[in-house]
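> This is the structure, below, for whatever I ask next.
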Amino acid sequence: MSQQMTGAKMVVQALKDQGVEVVFGYPGGAVLPIYDELFQQNEIRHILVRHEQGATHAAEGYARSTGKPGVVLVTSGPGATNAVTGITDALMDSIPLVVISGQVPTFMVGSDAFQEADTVGITRPCTKHNWLVKDTDRLAETLHQAFHVATTGRPGPVLVDIPKDVQFASGNYIPPQAARTEHYAPRVKGDIDAITALVELIETAERPVLYTGGGVINSGPGASQLLRELADATGIPVTSTLMGLGAYPASGKNWIGMLGMHGTYEANLVMHGCDLLINIGARFDDRITGRIADFSPGSRRAHIDIDPSSINKVIRTDIPIIGDVGHVLEDLLKIWKARGRKTDREGLAKWWAQIDEWRAVNCLAFRNSSELIKPQHALQRLEALTRDHPDRYVTTEVGQHQMWAAQFMGFDAPNRWMTSGGLGTMGYGLPASIGVQVAHPEALVINVAGEASWLMNMQEMGTAVQYRLPVKQFIINNERLGMVRQWQELLHGERYSHSWSESLPDFVKLAEAFGCKGIKCDHPDQLDDAIREMLDYPGPVIFDCLVEKHENCFPMIPSGNAHNQMILGEAETQGVIGDSGAVLV
Amino acid sequence: MSALKIQQGSSRHSAYDLRDPNAEVIETHTLAVIVDNEPGVLARVIGLFSGRGYNIESLTVAETDHEGHRSRITIVTTGTPQVIDQIKAQLGRMVPVHEVHDLTVEGAHVARELALLKVAGKGDARIEALRLAEIFRANVVDSTLESFVFEMTGAPEKIDAFAELMRPLGLVEIARTGVAALARGV
Ligand SMILES: Cc1ncc(C[n+]2csc(CCOP(=O)(O)OP(=O)(O)O)c2C)c(N)n1
Ligand SMILES: [Mg+2]
């Protein structure tokens, strides 16, 4: 059933047919026909951001917290180039985004027209795929294909660039079912022989570990459920990357904390000492592996990933399993159960005894203060006062505060934690919190921010106020580019080159200027009350939490070091280190 | 542990396991990549190679299925076994890519390249050039009293050898198409 309509109308129709409820965007000359169509309907909500980067991160927050693709609409030239950071961020973290950009009319393409940029050229390396649509008759199919590609296989951002004359012209609209999408169909079922080989290893492993990543979350809630079943039935310890937090509950009995550069002592030593490493939907990122040559030296490795290029990219895998995490875990559990639910109980008991010894190090310990708010303490209190909230989502910016949030906040469900992992984009958290709140209007949405990151997209506070989105901006204000300062202290002879935040705004006045609430807190005694005040306030809040300025984030594996060369900082290490080997403090 | 059935040359599982995983040897592989003939597809493939630091020894592309809008890209690339596998996997996951064949792994194949060589000279050198061209089965496609343009098709090594011989005889310019390759048999 096809219909004649203008290209601009097709865009709106295609979005409706794809079940899109919200678009994050910013208008301009090259998308005016589409904005005109948006104006004349009420089904799709448009959120006017304050900067196109904000639109992309908001769409990412929306996507991560719902499992649905986020949709972005921007104009040509600067609109599209402003979106590039968010698109790249989504590519690195495998977040499905459909970005629609306006382009100068086809007959002006290549003439350096006003606000012309080679948008498909610029975004080719930072999208999963992109299209320049030159013919209105091809527009509907291309848009449907774009949704298909963004959400199929390893999710990611796609971009459809639509010249203005294509928006004005009339053409044939086809619905999603009529679009050809069959060509792009990554395999989702894992190879049964490979899965069986992994089951055999699980049956005999003495020191296994489940190393889980964002792929578990991307695979859907069913995958997280299966992961829990697998871990709990086998008794295998579970660690996760930054991106995978919440897939296995932080309150679960097999949870040993996040791994990697700022991961827990126990998680990293488990990775180092295991004899079977089962990577589920993670990608052996360098923040995780440390020095490759010393990575998990005594283990057989299995790697479950939907993207064949992740296999053997960084770490050599003994058992590659290409498929969707949910499908693979389902088969894995079936086979393991059919073969008699075997594990090496004795080996596992010893393994857990060893893990408990490592846990006893209490690697996240810090020296608290009664005078100054320690950032870790601030996050502990935020966690304590919000953990039991029935509907809590947390986003972060990038830096020390992000790592402390990962260490001190626990997530018991997937899709509750949004952070910029692969690209490490300062400025992600505020717009992401807006996207999350748009998707979940009644929920408690907190952005754990650093003052420097937060300033990068603070204009989006206007968006929050305009749409009455009660996002809580919890700024851990150390008046420093804390993470940079930490590296300079530890690796550059304490030469603090341009790593402090000077001339910061008065955040309370800034809140007033935006028309929301500002709260400032600089003493530990007042912290709980101040946090409660933030939580009780029905609208958006900027919370300026002034903390100790020179705190470092530990544990830390300095770049290029092995997992067992961790700097522990304040943690009590007496005695334990001698037992467990070469830990350099 | 059950032996994994990894098909030779399959990109389903990494063929990495078939070879010495730690080999640092640099191998040369000829890949045939079947793609949708759509705008930007070549830029995508080239961008992949430059963006990830892979080598391109030669690359040829042309539409081979007009009806189906398919092109065949033949890439000769070099790298360690691990890098070659990465290249195949990275190509394979691109949306407009339909098939990736590693002709080097999949069995015997024929590889041919076309070259045009301009050789200028007089007297003995000119005669010698013509004589060698005959031996190499190069055709004369243009001649003046002082020059020839030879056309020759063959394996890249054969063209290299011919070009080497022509150099002292007055080779002025050479144009090469890059390799086109097909697996032998059916
Ligand atoms: C856009 C961008 N620019 C630069 C960096 C490098 N960088 C990483 S963390 C950091 C400091 C962040 O400071 P702040 O937001 O105050 O967080 P803190 O580390 O103090 O908690 C910088 C500059 C980055 N990650 N992103
Ligand atoms: Mg800071």
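So the protein sequences, as listed, match chains Z and F.
Using the working numbering, you'd call the opening residue of the first sequence number 1 and step up by one each time.
Using the working numbering, you'd call the opening residue of the second sequence number 1 and step up by one each time.
Note that the Cβ used here is the ideal one computed from N, Cα and C, for glycine as well.
Please check the pair Asp89 of chain Z and His57 of chain Z, which I expect to be a contact at CB under 8 Å, by giving their CB distance rounded to whole angstroms.
Right, their Cβ atoms sit about 7 Å apart.
> According to the Cβ coordinates, are Leu333 of chain Z and Leu226 of chain Z closer than 8 Å?
yes
> Would you kindly report the start and end of the unbroken alpha helix (DSSP H) that includes Trp131 of chain Z?
In this chain, Trp131 of chain Z is not harboured by any alpha helix (DSSP H); it is covered by the beta strand (DSSP E) spanning 129-132.
> Give me, in chain order, the residues of the same chain whose beta-carbon lies closer than 6 Å to that of Gly185 of chain F; leave out the 5 immediate sequence neighbours on both sides.
none
> Quick one: residues in its chain with C-beta nearer than 6 Å to the C-beta of Phe411 of chain Z, no 5 flanking neighbours on either side, listed in chain order?
Leu245, Gly246, Ala250, Trp417
> Could you please give the first and the last residue of the uninterrupted beta strand (DSSP E) stretch that includes His46 of chain Z?
Start and end: 45-48.
> Go through its chain and collect everything with a Cβ distance to Gln4 of chain Z's Cβ below 6 Å, but skip five positions before and after it.
Correct list, in chain order: Ser170.
> Per DSSP, what kind of secondary structure is Thr80 of chain F in: helix, strand or coil?
If DSSP states are grouped into helix, strand and coil, Thr80 of chain F belongs with coil.
> Where Gly190 of chain Z and Ile322 of chain Z are concerned, what is the direct C-alpha to C-alpha distance, given to the nearest angstrom?
Those two C-alpha atoms are separated by around 5 Å.
> Taking the continuous alpha helix (DSSP H) assigned at Gly493 of chain Z, which residues delimit it?
Here Gly493 of chain Z belongs to no alpha helix (DSSP H), and DSSP marks it neither H nor E.
> May I have the straight-line CA-CA distance separating Pro27 of chain Z from Asp137 of chain Z, to the nearest angstrom?
24 Å
> For a test of your reading of the model: does the CB of Ala482 of chain Z fall under 7 Å from any non-hydrogen atom of ligand 2? Yes or no.
In the sequence under discussion, the amino acid at residue 482 of chain Z is Gly, which differs from the Ala named in the question. Under cutoff, so the answer is yes.
> Would you list the residues sitting across from Thr343 of chain Z in a DSSP beta bridge?
Answer is none; Thr343 of chain Z lacks a bridge partner.
> Nearest chain Z C-beta to Ala89 of chain F closer than 8 Å, yes or no?
yes
> How would you list, in chain order, the residues of chain Z whose beta-carbon sits under 7 Å from the beta-carbon of Asp85 of chain F?
Asn312
> Expressed to the nearest angstrom, what Euclidean distance is found between the alpha-carbon atoms of His29 of chain F and Ser71 of chain F?
19 Å
> Taking contact to mean 3 or more Cβ pairs, one atom from each stretch, closer than 8 Å, check whether the region 337-352 of chain Z and the region 495-506 of chain Z are in contact.
With the rule of 3 Cβ pairs closer than 8 Å, the region 337-352 of chain Z does not count as touching the region 495-506 of chain Z.
> Could you pull out every unbroken beta strand (DSSP E) segment of at least 3 residues lying fully inside the region 183-243 of chain Z, listed in chain order?
208-212, 238-240
> Given that Ser296 of chain Z touches chain F, what residues does it touch there, using C-beta distances under 7 Å?
Here the premise fails: no neighbours, minimum Cβ distance about 15 Å.
> Find out if the Cβ-Cβ distance for the pair Gly281 of chain Z, Gly214 of chain Z is shorter than 8 Å.
yes
> Between the beta-carbon of Ala63 of chain Z and the beta-carbon of Val74 of chain Z, is there less than 8 Å?
no
> Just the chain F side, please: which residues come within less than 9 Å of Asp307 of chain Z by C-beta, in chain order?
Result: Ala89, Arg93.
> Grab me the residues of Val20 of chain Z's own chain with a C-beta within less than 7 Å of its C-beta, minus the 5 sequence neighbours each way, in chain order.
Ile44, Val71
> Drop a sphere of 10 angstroms on the beta-carbon of Phe590 of chain Z, count the other beta-carbons inside from all chains shown, and report buried for 16 or more, exposed for fewer.
As shown, chain Z starts at 1 and ends at 585. That puts residue 590 of chain Z outside it, with no answer to give.
> Alpha carbon to alpha carbon, how far is Phe49 of chain F from Ile56 of chain F?
7 Å
> Who are the neighbours of Arg44 of chain F on chain Z, taking C-beta pairs under 7 Å?
Taking the beta carbon of Arg44 of chain F as reference, the chain Z residues within 7 Å of it are Arg124, listed in sequence order.
> Following the continuous beta strand (DSSP E) through Asp161 of chain Z, name the residue where it begins and the one where it ends.
157-163
> Say the cut is 7 Å; is the CB of Asn478 of chain Z nearer than that to a heavy atom of ligand 2?
Indeed, a heavy atom of ligand 2 lies less than 7 Å from the Cβ.
> Just to check, is the beta-carbon of Thr425 of chain Z closer than 7 Å to a non-hydrogen atom of ligand 1?
yes
> Is Glu451 of chain Z close to ligand 2? I mean its beta-carbon at under 7 Å from any heavy atom of the ligand.
yes
> Only counting the same chain, and skipping five residues up and downstream in sequence, which positions put a Cβ closer than 6 Å to that of Ile542 of chain Z?
Gln473, Phe507, Ala511, Gly518
> Roughly how many whole angstroms lie between the Cα atoms of Gly203 of chain Z and Thr343 of chain Z?
Before going on, a small fix: residue 203 of chain Z reads as Glu here, not Gly. Going by the C-alpha atoms only, they are around 4 Å apart.
> Going by Cα to Cα distance, which pick from Z:Val11, Z:Tyr393, Z:Thr289 is closest to Asn447 of chain Z?
Z:Tyr393
> Is the closest heavy atom of ligand 2 to the C-beta of Gly244 of chain Z under 7 Å?
Taken from the Cβ of Gly244 of chain Z, every heavy atom of ligand 2 lies 7 Å or farther away.
> By the 10 Å Cβ neighbour count, where 16 or more other Cβ atoms means buried, how is Met1 of chain F classified, buried or exposed?
Annotation note: pLDDT 34 at Met1 of chain F (below 50); position unreliable, no value reported.
> Note down, in chain order, each residue of its chain lying with its Cβ closer than 6 Å to the Cβ of Gln53 of chain Z, except the 5 sequence neighbours on either side.
Excluding sequence neighbours, Gln53 of chain Z sits near Asn82, Thr85, Gly86.
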